[in-house]
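Encoded as structure tokens, the structure appears first; notes follow it.
2 protein chains.
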Amino acid sequence: MKLSKTSEYALRILIYMSQSPDQLYTAKQLVKELKVSDKYLRRLMTDLSKSGFIRSIQGRDGGYTFIKGPDEIMLYDIIDSVEGMDKLNGCLLGFESCSSSNPCAMHYLWMNLRTDLNKVFRETKLSDMDFNKILRY
Amino acid sequence: MKLSKTSEYALRILIYMSQSPDQLYTAKQLVKELKVSDKYLRRLMTDLSKSGFIRSIQGRDGGYTFIKGPDEIMLYDIIDSVEGMDKLNGCLLGFESCSSSNPCAMHYLWMNLRTDLNKVFRETKLSDMDFNKILRY
DNA sequence: ACTATATACTACCTCGTTGTATTATTTACT
DNA sequence: AGTAAATAATACAACGAGGTAGTATATAGT
Numbered sequence: 145m146k147l148s149k150t151s152e153y154a155l156r157i158l159i160y161m162s163q164s165p166d167q168l169y170t171a172k173q174l175v176k177e178l179k180v181s182d183k184y185l186r187r188l189m190t191d192l193s194k195s196g197f198i199r200s201i202q203g204r205d206g207g208y209t210f211i212k213g214p215d216e217i218m219l220y221d222i223i224d225s226v227e228g229m230d231k232l233n234g235c236l237l238g239f240e241s242c243s244s245s246n247p248c249a250m251h252y253l254w255m256n257l258r259t260d261l262n263k264v265f266r267e268t269k270l271s272d273m274d275f276n277k278i279l280r281y
Numbered sequence: 145m146k147l148s149k150t151s152e153y154a155l156r157i158l159i160y161m162s163q164s165p166d167q168l169y170t171a172k173q174l175v176k177e178l179k180v181s182d183k184y185l186r187r188l189m190t191d192l193s194k195s196g197f198i199r200s201i202q203g204r205d206g207g208y209t210f211i212k213g214p215d216e217i218m219l220y221d222i223i224d225s226v227e228g229m230d231k232l233n234g235c236l237l238g239f240e241s242c243s244s245s246n247p248c249a250m251h252y253l254w255m256n257l258r259t260d261l262n263k264v265f266r267e268t269k270l271s272d273m274d275f276n277k278i279l280r281y
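Residue numbers (the numbering used here), protein chains in the order written: chain A, 145 to 281; chain B, 145 to 281.
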């Protein structure tokens, strides 16, 4: 029912950047706009570039820019890359052995809910975000 | 998208106990059946009795039994008492200032999903659980 | 009163997540 | 070549959730 801070930040950053996807964003700029700590953001940006969402350009006049277009990136992909979407899809009661053939008491109830959750995150693109509503802090 | 371990355990325990709600359950018995660590379960049971779901009976021949009937306890109440349902209902992007009048880019998307989640947990009773599907471990 | 068996309470330990500090590397410009 | 401005990488600190140990307290049966 809640994402990790890392997912929060990743989404914040990429949603923010997708306002003008061709622009080169510096860490300094993102830190200022999004109020994520400098060091933490930089580390996260490295992860995001390793995951292939953005390219990092080192050196003077460097920064970060998109590789894929925001219309090619699903919210699911972002969350999956930073915290693992499968973690969120386990048994709600924490039973290792829970499955459709051996369901726990809440299995079908939870399955329906999480199917909807997954569907939305799988089908929503970064570019579907409403850019009139970019909060900063 | 996931509950805390404490919520998992609380649900496990109460769902298990609601199989025969008038029975007196000892910690030892619950530990054995549900594979939750002895000390942790005991501490959690104290919390659950303070929250008014169960009564604890100390001393020899003591144990735990329901106060309210399982048809009076909503899943929402259990989760809310052990981890605070409000924590799960915050802004998905972690913006403090996010609200309907000042929404973040994902506000309405997330609002719809979490409304469904809340609805199900608010409307589902402990006694609605399928007791043919009580997994133990 | 004593004992066995149960819960209550307090303090501590462990570990993953979050956040910070420091140093190294890369690149454009002059 | 030298400098300034940017990212990369690594190590470590702080915190909270989860889990454990040990002691105190309560109660039924004898």
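Cβ coordinates follow ideal geometry from the N, Cα and C atoms, glycine included.
Going straight from the alpha carbon of residue i to that of residue j, what length do you get?
i: Q167/A; j: D182/A; result: 20 Å
i: I157/B; j: F239/A; result: 12 Å
i: L147/B; j: L236/A; result: 7 Å
i: S227/A; j: Y184/A; result: Just to set this straight, residue 227/A is Glu in the shown sequence, not Ser. One C-alpha to the other measures close to 15 Å.
i: D224/B; j: D230/B; result: 8 Å
i: M273/A; j: Y160/B; result: 43 Å
i: Y208/B; j: L253/B; result: 42 Å
i: E177/A; j: A171/A; result: 10 Å
i: R258/B; j: L232/A; result: 15 Å
i: S200/B; j: K212/B; result: 13 Å
i: Q163/B; j: D260/A; result: 29 Å
i: H251/B; j: M255/A; result: 23 Å
i: R204/B; j: V180/A; result: 55 Å
i: L174/B; j: T150/A; result: 36 Å
i: A249/A; j: S243/A; result: 11 Å
i: G234/A; j: P247/A; result: 12 Å
i: K194/B; j: S241/B; result: 33 Å
i: T190/A; j: E152/A; result: 16 Å
i: I198/A; j: I198/B; result: 52 Å
i: E267/B; j: M145/B; result: 19 Å
Note down, in chain order, every chain B residue with its Cβ under 7 Å from the Cβ of residue i.
i: T268/A; result: L253
Please list, in chain order, the chain B residues whose beta carbon lies closer than 9 Å to that of residue i.
i: M250/A; result: L155, I159, L219, T268, M273, D274, K277
i: K149/A; result: G238
Taking 8 Å as the limit between beta carbons, can you name the residues of its chain near residue i, skipping five residues before and five after?
i: K269/B; result: P214, D215, E216, I217, M218, L219
i: F265/A; result: M218, L219, Y220, I223, M229
i: N262/A; result: Y220, M229, N233
i: G196/B; result: I211, K212
Please compile the residues from chain A whose C-beta is within a distance smaller than 8 Å of the C-beta of residue i.
i: V226/B; result: Under the 8 Å cutoff, chain A gives no residues; its nearest Cβ is about 13 Å from V226/B.
i: D260/B; result: L257, D260
List, in order along the chain, the chain A residues whose C-beta lies closer than 9 Å to that of residue i?
i: D283/B; result: Examination of residue 283/B is not possible in this model, given that chain B is present from 145 through 281 alone.
i: K146/B; result: M145, K146, K231, L232, N233, G234, L236
Got a sec, what are the start and stop residues for the beta strand (DSSP E) residue i sits in?
i: Y169/A; result: No beta strand (DSSP E) holds Y169/A; DSSP gives it neither H nor E.
i: R199/A; result: 198-201
i: G207/A; result: 207-210
Which residue comes first and which comes last in the alpha helix (DSSP H) that contains residue i?
i: R258/B; result: 251-267
i: E227/B; result: 219-227
i: K149/B; result: 149-161
i: K183/B; result: 182-194
Applying a beta-carbon distance threshold of less than 7 Å, which residues of chain A neighbour residue i?
i: V264/B; result: L253, L257
Name, please, each residue of chain B whose Cβ falls closer than 8 Å to the Cβ of residue i.
i: L237/A; result: E152, L155, R156, I159, L279
Leaving out five residues before and five after residue i in sequence, what residues of the same chain have Cβ atoms less than 7 Å from its Cβ?
i: A154/A; result: L188, L192, I222, V226
i: P165/B; result: F210, G213, P214
i: R186/B; result: A171
Tell me which residues share the same chain as residue i and place their Cβ nearer than 6 Å to its Cβ, disregarding the 5 neighbours each side in the sequence.
i: Y169/B; result: M161, G207, Y208
i: S245/B; result: none
i: S271/A; result: P214, D215
i: Q202/A; result: none
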